[in-house]
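In my numbering, the protein residues as written are 652 to 1200.
Everything on this sheet refers to the single structure shown next.
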């Protein structure tokens, strides 16, 4: 007969008290004795371990589970919880082994594959993590929650091609689920499958107009060329609707502004975008003083001593103001067989916030190892890994300390063209709240210029300055310059064909992922029509003149 609920509660409280007093050994022995004396069933062992794990007591939980497994060696729930305790205690290899044993013994176990997948993702083993989640999806009875969870996990692991493979079966099971349509539409868009993306996103907003991001992404599935485009009509109608909500209404407005710009109706585009930007600025205020303080702090903070360089892997950071050509540079570099483009990673800013201004050598080394694992992942190695998050310019001091062998590609562009492009976009991140007003854009740009000048003076990093206008005007020469800078041999021209020379492919054939607002432009190859684009808007947006360099 098991312990009564009262006896169990008292025993667990005594165990916690003993742990709190630093008497783990005696307290645990007493608790185990009570479980044995009371002939506690397996469920009370499980509940005890779960209570300890919820309280952050991974080590006591592990010891308790070891004792439990001596009695119930084949109990998969105890083995799964033991894997959790091992993971939380930092014994990752043993935890992985335990999770895999549970999955092998009980393929229908749902928690072990998820725990394993999240642990693998933390280690940078995104391929293995994705395969684990896909295996769970394939083995288990399909549910809407499981479908959405799998798609979201694959997206977060940047495994968009794998997500696309299961998108249609998921939509076949949920053909009128607006959220799933929006998710799968975004996946198709990232892969350049513009036809599928357009169909899915349009149906998403028709079924549920509150799908905010779907409105914006719909506008980026194609270039508008006709006034009778049905998506233009849909975006126009959205401006008159009262059931969208603020987020969807704003996304639809920016999408409409993009459509009118495509059509060459600049006056109409400015009218729509000015109203949308004013609403964004009111809803998402930017702390200009906070930005000024940050820039000043960075220029006064001593850069940590660098770690030893690991030349087996060369991190390449493409930085600058957003919309200055970083996506174009990354997509061109990624055509080289010894370059891997990881797109826009958010790790550097997160590590900077965690480490603080004066990290110790040990913390710095741990952070560098974590970031390096996210670059390397579990794929065949290459020499150069690209992180094209443009806002990494804020933390070049930290980058120099963690990776003294890093290469920095600094993208520059006429500030008026950059500002117009920024002002025309809707950004879903507080780091970009400065992009909704030309005055704020100018203030942010001045801080960016101050920081870049500071880094040039104090850092030993190798930095290549690359002007957008030069890149699109003479792409071949600049790419050769870039490859030389990275220590790579430029491939023969036939190995990296121009966009127009690529073999024909289906419009919906999967491609490399581009998960930024530049997804449409980046698929069109290199073109120079965006150079000096601001001039066509000068009369309508006189604020841009004040941004001249």
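Glycine included, each C-beta is placed from N, C-alpha and C at the ideal position.
As the structure is a computational prediction, the values presented were derived from the model and not from experiment.
The beta carbon of residue 1079 sits closer than 8 Å to those of 864, all from its chain and outside the five residues before and after it, given in chain order.
Under DSSP, residue 782 shares a beta bridge with no residue. DSSP, reduced to helix, strand and coil, places residue 1114 within a strand of the structure shown.
Judged by DSSP in its simplified three-state form, residue 957 adopts coil rather than helix or strand. In this chain, the beta strand (DSSP E) harbouring residue 971 covers 965 to 971. Here the region 958 to 968 lies against the region 1049 to 1059, with 3 or more beta-carbon pairs under 8 Å apart.
In this structure, the straight-line span from the alpha carbon of residue 1013 to that of residue 791 is close to 43 Å.
Short of 8 Å from the beta carbon of residue 702, and not among the five residues preceding or following it, lie these beta carbons of its own chain, in chain order: 663.
Counting along the chain, the unbroken alpha helix (DSSP H) around residue 922 starts and ends at 917 to 934.
The DSSP assignment places 881 to 889 as complete runs of the alpha helix (DSSP H) inside the region 866 to 897, in order along the chain (cut-off: 4 residues). Excluding residues up to 5 positions away in sequence, 1063 lie with their Cβ nearer than 6 Å to the Cβ of residue 1118 in the same chain. Fewer than three beta-carbon pairs drawn from the region 1126 to 1134 and the region 1066 to 1073 are found closer than 8 Å, and the two stretches are therefore not classed as touching. In the DSSP assignment, residue 1060 forms a beta bridge with 969 and 1115. Residues 875 and 910 of the same chain have their beta carbon placed closer than 7 Å to that of residue 883, with the five preceding and five following residues left out of the count. At a Cβ-Cβ threshold of 8 Å, residue 1098 and residue 943 count as neighbours. Counting only the Cα atoms, residue 787 lies some 39 Å from residue 657. According to the DSSP assignment, residue 1037 belongs to the beta strand (DSSP E) that extends over 1035 to 1038. Taking C-beta atoms as the reference points, residue 1058 and residue 1132 fail to come closer than 8 Å.
In this structure residue 856 is not in contact with residue 842, their Cβ atoms being roughly 20 Å apart against a cut-off of 8 Å. DSSP places residue 1129 within a helical segment (H, G or I) once states are collapsed to three. Counting along the chain, the unbroken beta strand (DSSP E) around residue 990 starts and ends at 990 to 992. In the three-state reduction of the DSSP assignment, residue 745 falls in the helix class, which pools H, G and I. A distance below 6 Å between beta-carbons, with the five flanking residues on each side excluded, links residue 768 to the following residues of its chain, in chain order: 780, 783 and 784. Residue 1028 and residue 1134 have their C-alpha atoms roughly 23 Å apart.
Contact annotation: residue 1048 and residue 977 have beta-carbon atoms that are not nearer than 8 Å. Nearest to residue 1077 by C-alpha distance, out of 806, 1021, 908 and 720, is 908. Following the DSSP letters along the chain, one finds residue 1195 in no alpha helix (DSSP H), marked with neither H nor E.
Cβ neighbours of residue 1024 within its own chain (closer than 7 Å, five residues either side excluded): 774 and 775.
In the displayed model, residue 757 falls within coil according to three-state DSSP, outside both helix and strand. Judged by DSSP in its simplified three-state form, residue 692 adopts coil rather than helix or strand. Per DSSP, residue 1075 is not a residue of any alpha helix (DSSP H), being assigned neither H nor E. In this chain, the alpha helix (DSSP H) harbouring residue 731 covers 727 to 739. Contact between residue 939 and residue 1088 is ruled out by a C-beta separation of about 10 Å, above the 8 Å threshold.
Within its own chain, the residues whose Cβ lies closer than 8 Å to the Cβ of residue 710, once the five positions on either side in sequence are excluded, are 675, 736 and 740, listed in chain order.
As the crow flies, the alpha-carbon of residue 1180 is around 23 Å from that of residue 840.
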